[in-house]
Amino acid sequence: MLAEALARQKESEQLLGQVLIEMGAVSPDTISYVVRRQIEEIVFSLLTWTEGFFDFELGEVDLKDQIKFNTNEFLLPAGLDPQYLIMEGTRRLDERMRGEGAAAPVRATVDEAVPTPTLGASSRSQSAAAWVGAEGARLASLKSMFQELRLPSATAEVSLLVLRVASEVVNRAVLFLVRGDEVVGLGAFGVELSDGEPGDERVRRIRIPLREDSIFTYVVERKQAFKGTLRVNVRNAYLVDALGGMTPSEVLVIPMLCEGKAALILYGDNLPDDGPIGSTEALEIFVGQAGLAMEKALLERRIADLKRRIAGGEKPQESESRGIGESGNG
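Here the sequence shown stands for residues 3 to 332, numbered as in the working numbering.
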């Protein structure tokens, strides 16, 4: 069948995927899925590099290039969400690094336990050492992310860092953007749906109005974190259904404040295991610092825009200059 498809492609100059679809060999969804997975795996592999550099440049595909395949075969009409790619790739990398870091102490405990006459005391001390080692690794990771948070070049980086820290606390997390009078799904990790739909796609379709009672209305109004059981109401039920239909026994919801208002909201739970959520103090502190970093990034963007306008001969309004000065002093 492939030989026949290639022959038709040569005669018609159609894309190979389109020919296969017309022949009934594959569906459009299958073509998109295969191309999407190829792109994802390439990007994920880049995140495993320990040295070197790369960047992405937007360019036009030259259909007259002297190559043996049509590059349009690898283009997705709907594109890919770069933020999802980086968040998911980083989450996988973090999980792999935690797994590798946890393996070494276990081997050491087994090897050293054999010749030790006081097995009970030794085991306890080695277990404590292993716990301290794992805790030290987590603290080192958190310290590294705090350092990254100091100089964010974009709001997306702040969002990514928040989700990375959240992955140390909960099994699933969703970041929501507060936009006007509603919250909108922005990014997520750990959301697996029974119908096979990618979790990030489902998350980006979530819309919950703030004028109606929900857990988001609660934290936006109080400007403080919530940890506990979801109340039974229409919007909370919609959220549970959108995230797969299982009701968690405990949830964590933290608003990220920027200029005194909730700009982003982090939602987390421990599904599908649904165990209790542990200490959240470090995560709450990090989200607070992330809000300050976002304020700084927004301020720098405003200053850059103001300088550009002044350079172009435009006179800034007095309120703009005063607002920037006040923000800078704070």
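Backbone N, C-alpha and C define an ideal beta-carbon position, used for all residues, glycine too.
- Every unbroken stretch of the beta strand (DSSP E) spanning 3 or more residues and falling wholly within the stretch 156-212 is given here in chain order: 174-181, 184-191, 209-211.
- Here the C-alpha atom of residue 20 lies approximately 12 Å from the C-alpha atom of residue 31.
- If only uninterrupted beta strand (DSSP E) runs of at least 3 residues are considered, those enclosed by the stretch 200-281 are 209-211, 228-230, 253-260, 263-271.
- Put simply, of 284, 276, 258, 14 the residue whose alpha carbon is nearest the alpha carbon of residue 294 is 258.
- Taking 8 Å as the cut-off, the Cβ atoms of residue 271 and residue 286 do not count as close.
- By the C-beta density criterion, residue 22 is buried, having at least 16 other C-beta atoms within 10 angstroms.
- By the C-beta density criterion, residue 192 is buried, having at least 16 other C-beta atoms within 10 angstroms.
- By the criterion of at least three beta-carbon pairs nearer than 8 Å, the stretch 260-280 is not in contact with the stretch 304-316.
- In the three-state reduction of the DSSP assignment, residue 309 falls in the helix class, which pools H, G and I.
- 163 is the residue among 37, 52, 163 whose C-alpha sits nearest the C-alpha of residue 93.
- Apart from sequence neighbours up to five positions away, the residues of its chain that approach residue 221 with a beta-carbon distance below 8 Å are 227, 228, 255, 256, 257, 264, 267, ordered along the chain.
- Boundaries cannot be given for residue 50, as no alpha helix (DSSP H) includes it and DSSP labels it neither H nor E.
- The Cβ atoms of residue 231 and residue 242 do not sit closer than 8 Å to each other.
- Counting the other Cβ atoms within 10 Å of the Cβ of residue 13 gives fewer than 16, which makes it exposed.
- The shortest C-alpha to C-alpha distance from residue 245 to any of 225, 302, 187, 261 is the one to 187.
- Exposed is the label assigned to residue 47, since fewer than 16 other Cβ atoms lie within 10 Å of its Cβ.
- Comparing C-alpha distances from residue 158 to each of 301, 49, 296 shows the shortest one belongs to 296.
- Less than 8 Å separates the beta-carbon of residue 237 from that of residue 215.
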